[in-house]
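These notes are about the structure you will find just below.
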Amino acid sequence: MKLVTYIGLVVRRLWAKRGILIGSLLGATLVIALLVVVPLYQDSVKAVDLRFSLQSALADEVDMTAFVQTTSYRAEEAVANRDLIADLHGSIIAEWYPTYVERIQTREFFVIPTGDIIDWVQRGEDWKEEKAAIELANSQLSQTEEPQAVPSPPYPTPPREALQVRMFTSPTLQQHLQILSGAWPEPLLEAPVADSSAPLPIIVGEEVAQLTQLDVGDVFVLKPFSGLAEVFELVEIAAIVAPVDPGEKIWGVDDPMTMVYLPQETFDAWTLPIFIAAVQDPWLRQSRGLTDLTTTQRWIMDFAPEALQFEEVDEVRGAVGAFRAKVSQDSGGVIAANTLLPVLLDEFDVRSVTVGGPILAILALVVGGALYFLIYTSALTLEREGPEIALLKTRGASTWQTTGIHLAQSAVVAAVAAVAAPYVARLLVGVTGRVPPLSDLTGGEPLQVSEVASITPYVVGGAIVTFLSMGLAILPFARRPVLELRSLSARPAGSSVWQRYNLDLFAIALSIVILFQLVQRGFINTTGGEVRLDALAVVFPVLLLFTGALVLLRLLPWLLRVVGWIMTKPRGLAMALPGWHLGRNPVPYGRLALLVWLTTGLGAFALTYAGTLEQSFQDRAAFVAGTDVRIIADEAGYLMVPDGSTGAAVYRTDGAPRQSTRRAEALAVRADEFASVITWRSDFGAETPQEIFAPLRPGGVAPDLGVELPADATKLLIDGVVVPRSWAEQEDLDTSLPDASLRMMMRAFDADGRAWTIQAENDFVDSEWVTVEFDLTDGRNAYLSDPVGPLTVHALWVERSNPGGNTVLNGESMLIRNLRTTGESEVPFDLSELETANGLTLRLDVPATRAVDAYYDELPDGVEEPTTADIQRSPLYADGTATLWVGPGVRTNLNPAVPALRAPLADLYVLVDRELAANAGLEVGERSPFSIGAEIYDGQVVGFIERVPAMNDRRREGRMIVDLDALGGWQNGTPTWSFQTALARVEAPQELWIETDDPDAVVRLINAQFLPGEEADQIVTLKESAGEFSSRPVQVGLVAVLFVGAAVSVALALAGVTGYVLLAVARRAREMGVLRALGFPRRGVAATFTVEQIAVLGLGAVIGTYGGIALMWAMLPFLQLGETATDIEPPILISVNWTVLLAYIGVVSIMLVFSVIWATRKVSARRMSEVLREVER
Amino acid sequence: MTRIIECDNLIKIHKQGNLEVVALQGLDFKMDKGEFISIVGKSGAGKSTLLQILAGLEVPSAGRVEVAGTDLTDLTSKQRVTYYRRGVGFLWQDFTRNLLPYLKAIQNIELPMLLAGVPTRRRKKRSLALLEAVGLRSNAYARVHTLSGGEQQRLALCVALALGPQLLLADEPTGELDTETSLGIYDLLRRMSHDGGLSVLVVTHDVALAQRTDRVVRLADGRMATQGRFETHELLAVDRRGMVQLPRELLIEAGIEDELTARLVEGGILLEPSGGEDGD
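For the protein sequence lines, the chains are A and B, in the order given.
Heads up: the first sequence begins at 90 in my numbering, then just goes up one per residue.
Heads up: the second sequence begins at 4 in my numbering, then just goes up one per residue.
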C-alpha cells in the first residue's frame, strides 16, 4: 500500500512537472532512439548497400555454377548428377537460387556433308558390295592363291574446311528454342526398327543451316572431333531453330545459332552404343551412336538478389559453402560448384566495417550530445526542485527517500522513453530514405527498417544510461543541507567536479594517449582474418568532443570575462550591464555556451564531414580519371582533340631504374600539355603540375629527334646511285647476279609525335643516277590520318629491294647527293645532324664519278677501255662530289640492327618517386640506365614526383615519368627492315587526356573518330567516376545520418537554450525588479538580458564551429580507410564549405536568438508589482 | 515545567566571502513545554538564525542548543531525520515552502506521515482530524491553489503537525496574510498550545501579533534584549558594554523620541523624555 502511495506521489510529481519533464522525456527518447538507430540504421543502410552491390554485380559473379566434365558421357551418370544437384539445390540453396537450368554440351563435331561432292552413304554401299565381291572371290580361291585384301570401310572423313559445331542438350531444351522450320523431333531412344541405318533426326541452329546450306530433311554426317573412325552418325535435320532469348543464361558464352541439338532423351540414348544389324549399315558397323563423347554437364543457378535479406548474409555464405562442399563430397569430387558471391559478401563485410565505423562514431557523437542535453536538463530540473527537496526533507524525508522519489521519477521517464524510442528510431531511419541523398537510392521510399539484431539490448542499455543520467544527479543534491537547497536556484554555480579535481586535464591526456594508440595500431583491427573496427576508434571522437567541452568549460570564464570587458567599452547601458554581468560572474554561462558549442560543433562537423566526403569523392574520381575525359585505345594519343578542349597524349607502360626487377608504373608525357590537362592538388608534390613536370623538358625545349623539314614540304628528293660491280664482274655473274637496286627508307616523326616509316617511291639502282622521291604525305604506318607537318627526319637507311637469299644488305655502297625537299619551294636538306649506326660508314665529298669508275674498273674480255667521252655519256656518270654510303657485311632481315643514319638520342629525363629513387640509390642529377617497357635507355633523374593522378597501379612498385617525344625517339626511332612483320616498332600513346567543359560532347566526338565497328577500350570520365564514388549507399547513408544528427542537435539546442534562458532569466527576476524599479524600461531590461545571452551564444557558436572542424580532423583517419580498409588515394583533405557552414550557423543563430528574445520577453513582461514582491522575499 | 528548548551561550557566525557576520552573540534562551512564545527583533537581530538552528537547518558555531532533549549541535543525518519526523514541525511564511502544489490538501498532510511510514488508515484519520481542527474538513480534497492564503497557512499548520511534533517553529507565518486572517492563525496556534500542549515558537515582525503570545522575546544584535509580557514591565538585557536596548513600543508609550534623560532614583534608573524635565 505504501508502495502504491509512493508511486502515486511520483506520478503526481511527474504530472505536476510535465512541462519541464517533457524536455527530459524528449532527451531520453532521443538518446534511446539514437542508440536503437545504430543497429537499425546500420543494418538498413547495409541492406541497401547489399542490394545495390548484388544488383549491380555481374550475373557471372553471383550465380552458382556447378559442372562436371567427362570424356565419356554416360547417361546414367548424368542422371545421377542431375538428381544430386536437384536434391542439394532444393535442400540447401533454393531459397536464394530459386531457379536453375542445366545444359550439356559436347566438344566440337565435324559437319560432313554427304551427297553433292562425296556421297558417303553411297561410298559405304559401294564398299559393301566390293567387300562382298572380294570376299566371294576370296572364298573361291585355292589354298595356294593369295586372297585379295578387303579395303578398309570408307568412313566419312571431314574435309579441311569442315564446319565444326557443338552439340547441346538440356532437360528443358525445348523451352529455350523456337522452331524456324521443320518440327521438333520425337525422342528417338533406339535405332529405327525398319531401317536401322536411317538417319538420326537432329535440330540445328539457324547459322549452321545457313553455313552448310542445308535445310530440313537434309542429311549429313556428324563426327566427333576426336574419336574412333567408325564413330560418326548420319543425321537428318528435323528442325532449324533460333533461341527464344539469346541472352538466356543457359547459353553461357556460346552462340545458340551455331550449335546442333538433340532432345535430352535422344542424346542420352545415342551417346551409348545402339546395336544394330551390321548388314543394314553402309559401313557394316555393328552399333551406332555417338559414344565416348567429351561433354560438360553444367547447372547454372540463378541468384535472386531480392531473395537475399541482409540478415541472411551469414546464412547464405554458409549455405553456399555447404552446397559446394556437399556437391563435391557427394559426387566423389566429380562435380565442382563455383560462385563469387562469398567474395562479394566478404567485400561487403569489409565495407560495412570501414564505413560503418564513422556511422557508429557519428551516432555516438549525437548520442553523447543528447545525453549531455539530458544531464543538463536534469540538472536544471533539480535546481528548480531544490526548495521542494528542502520541503520534503523538513517534512522528515530521509536522503534515501528524496533520492528514491527522484530516481523513481527518472525511471518512469526512462521507461516511457524506452517504450517510445523504438518507434521514433524506426521513424528516423525510415525518414532518411525519403530525404536526399539517400532518397536517390531508395527512390524516395522510406528506408526499409531491417531488424536483424535484436534492438532490446540497445533499448535496455539506453534506458539504463538515460535513467542514470537523469537520476544520478540527485545523489549530491539529496545530501545538500536544506538551506542550500532552498537557495540553490538563486546561487551562482560553482566550479565543476571536473575542474575541481583536474579531471578535464586527465581526459585531455587520455584523448592524446588514445589518439597515439590509434595512429600506432590503426583504426581497423584485422587480426584473425576478420576485419573489425577498433573500439577505441569509435570512442575517440566522442572523447574528443567531450574533452573539448571540458577544456571549454575551463577556458570559458576567462573568455567571457574578456567578452564582458569588451562589452563594457561602449557607452550604452544595454551593452555595459550584460558586460559587467558576464565579467563578474561568468561560470553559470558555461553550460549554455557548452550546449551551443555542442550544437554548432556537431553541425559544423556534419557539414564539414559531408563536404570533405564529397570533396574526397571528387578528388578520388579526379585521381582515378586524371582529367575530365581519358580515352584508352590503341593509338588514342593520336586522336583529334575536339575544338575548345585541351588534349594530352600519354603513353603508359612499366619501367625501372637500374634495370631493377621491381617494376614501376611509367608514363610518358609532354610536360606542358600534360600539366594543362591533369587534375592537380597542391599536396601532390608541387603547387602546380607545371612546376613538377617542367624538368622533363629543360627550358621547355622539345627533344631533338632529327632534321626538321619545312612545314610545307611534300616530297623529299635524293639523287643517288648504287656503286655498281665492275662491268666484267657483272658479265661473269650474269644470271646469278642479285638485283642490286636499293630501297631507301626513312623514319620520321610528325608534329603529333607519330613515328612514320616512309619508303622511297623508286629505288636506287646500279645502272644510273636516279632521283628517289619520298612522299612526305603518306607513310607505311596504318594511322587514321596522314602525317601532320612539319616532319622531322630521324633516320635513313637502305635495304635491298629484293632480298634474294634473305640478305637485305651485303656491303653495298651508294653515292647520294643533292638532298632537298619540295613544297612551295625547294629547300636543300642537310644530313649532317644525323650519325651513322650499326656499321654504316659515310664518306663525305667523294668524287661523284666513283660509280662510273667502279663500273669501268674491270672490263669484260675484248672490251676496249672507254674514252672519257664514253664515261661522261654513261648514266652512271656525274661530276662534282657526293656522299658515299658504305654498308657493312651481310645483314639479314633477322638482324634487327639496321645500318642507318640516325639522329643521336638525347638522355631521357626521368621523374621518379622518392621511394623508387631511394631503392635504386638515385639522386636528382644522377644518370642511370632505365628499363622502360622491354628496352633499356640511358637517362637521368631530373626530379621527384609524389602523387600523379591516374597513376595508382597497386601491382607496381613506384612511379616514373619521362618525356613522351624523347621516349618516342628511343622506342620508335630505331630503323627496322621492311621485310619484318613489324614494319616499324611503334609504341603509340594509348591514352588521350582531355580537359573540357563538355565531357559528353567530347566523348561523342571522340567516338566518331573510330572506324565503324571499332571503339575505345575504355573511356574514363571524371563525371562518371565521381558518380560511381558518391553513389555507394553506405557513403550516402553516412551523409544522411550526419544531416539527421545535425538536425537532432539543433532541435536539442533550441529546446535547451530556450529552457535555459527562461530559467536563467527567471532566476534573475530580482535583478530585473531592481532595474525596473530604478526606472529602466521593460524593453531595456529585455534588451540587456538578450544581449548578454547572445554574447554567450555567439562565443559558443564561434568555438563550436572551429570545434566541429577540429572534430572532423579527428575523424579523418576513418575516412582515410575507405571502403576496402586500404588507404584512400589521394589522401582526404578537410574541405570546409564556408558558405554552407555560415548559412547553417546563420540559421541556427537566428533560431537561437529568437528563442532567447522570446524567453527574455516572456520573463521581462511580468508585472512590476509581481517582480518587486519577489524582490521582497 | 519541562524544558523544550534550552540555548546556552549560542553563537553563530556566517561567512560571506571574506567577511564574518556574527548573527548570534552568546544567546541564552529557554522555553518550557506548552509555551507559546514569539520572537521579535529588527532585521539582522538573529531571529531567523535562531529559528534555523532550532529547526536543525543550521549548526551553531558555538554554544549549546537542545530541543526536547535532542542536542542539535551534533546531529547525524539519521538523527536529523528523526528530529524532523518526531521533534519539530515547521510553518514558513512562504506558502510554497509549506505545501506541495501538485498534491491535494489531505495528501499534503499525509506526506510527512507517508515519509515516516505511518499506515494508510492512521494517516487518513489523523489528516482528517487535523483538517477538522483547523476548520478545513470540507476542503480535504481541494487542490492547494484553490485555497485562500489563510486556508493554505492553516493547511500548512496541519502538515507541520501531522506527525505530532512537540515543538512548532513558525517563521512569519502570517507575513502574507491580512490582519483578520493573521489573528485567526494566531488564535489557532494559541489554542493548539494551550489545549494541545504544543510548544509554539513564532518569529514575527508584528508586535501586535506578538502580544497575543504568552511571552515575547526580543532579540537585538544576536542576543536577547528583553523578554516577558509587555503589559506591566519589561525585562531588558544589559550587554557587556553596558548597553541596553529599549523596545520601540516602550519608548512610544513613554513619549521618548530622539533623546532621553536617565536619572538615578531609588532602586533603579528612571528614563524620561529629554524634554520631560523642563516640563516638570
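Glycine is no exception: its CB is placed at the ideal position from the N, C-alpha and C atoms.
Cutoff 8 Å; reference residue i; Cβ partners in own chain excluding five residues on either side
i: LEU929(A); result: TRP886, TRP974, VAL975, GLY976, PRO977, PRO988, ALA989 and LEU990
i: GLY270(B); result: none
i: ALA775(A); result: ILE781
i: THR235(B); result: Annotation note: pLDDT 49 at THR235(B) (below 50); position unreliable, coordinate value reported separately. So the list is empty, once near-sequence residues are dropped.
Continuous alpha helix (DSSP H) stretch holding residue i: start and end
i: VAL513(A); result: 488–521
i: ILE223(A); result: 209–228
i: ASP942(A); result: 939–944
i: GLY153(B); result: 152–164
i: ARG171(A); result: 164–177
Residue i in three-state terms, based on DSSP
i: LYS482(A); result: helix
i: LEU674(A); result: The question names Leu, but residue 674(A) in the sequence shown is Asn. If DSSP states are grouped into helix, strand and coil, ASN674(A) belongs with coil.
i: THR235(B); result: In this prediction, THR235(B) scores a pLDDT of 49, lower than 50, which makes its location untrustworthy; no coordinate-derived value is stated.
i: TRP974(A); result: strand
i: THR1070(A); result: Its pLDDT being 48, under 50, THR1070(A) is placed unreliably in this model, and the value from its coordinates should be taken loosely. Looking at THR1070(A) - three-state DSSP - the assignment turns out to be coil, as it is neither helix nor strand.
i: ASN907(A); result: strand
i: ASP934(A); result: strand
i: GLU1281(A); result: Since the first and last residues shown for chain A are 90 and 1266, residue 1281(A) lies out of range.
i: LYS106(A); result: coil
i: LYS36(B); result: coil
i: TYR87(B); result: helix
i: ALA738(A); result: strand
i: MET1201(A); result: helix
i: VAL305(A); result: coil
i: ILE1217(A); result: coil
i: GLU1113(A); result: helix
i: ILE563(A); result: helix
i: TRP340(A); result: helix
Same chain, Cβ closer than 6 Å to residue i, five either side skipped, listed in chain order
i: GLU762(A); result: ALA737
i: SER499(A); result: PHE556, MET559 and GLY560
i: ASN907(A); result: ASP808
i: GLY200(B); result: GLY37
Beta-bridge partners of residue i, as assigned by DSSP
i: VAL1030(A); result: VAL999(A)
i: THR258(A); result: ILE193(A)
i: SER80(B); result: None, per the DSSP bridge assignment.
i: HIS17(B); result: VAL24(B)
i: ARG1016(A); result: GLN1029(A)
i: MET1049(A); result: ALA755(A) and VAL1001(A)
i: ALA65(B); result: ILE14(B)
Minimum Cβ-Cβ distance from residue i to chain C less than 8 Å
i: LEU117(B); result: Looking at the structure shown, chain C is missing, and the protein chains on hand are A and B.
Residue i CB to nearest heavy atom of the ligand ZN below 7 Å
i: LEU119(A); result: This structure simply doesn't include the ligand ZN, nor any ligand for that matter.
The beta strand (DSSP E) enclosing residue i, as first and last residue numbers
i: ARG832(A); result: 831–838
i: PRO917(A); result: 915–917
i: HIS883(A); result: 881–889
i: THR159(A); result: 153–159
Sequence-distant residues of its chain with Cβ nearer than 7 Å to residue i (five each side left out)
i: VAL254(A); result: GLU197, PHE198, VAL200, VAL297, THR347, MET348 and VAL349
i: ARG1250(A); result: ALA1175
Exercise for review: Please go through the stretch 751–824 of chain A and give each complete beta strand (DSSP E) segment of 3 or more residues, from N-terminal end onward.
Suggested key: 753–758 and 804–811
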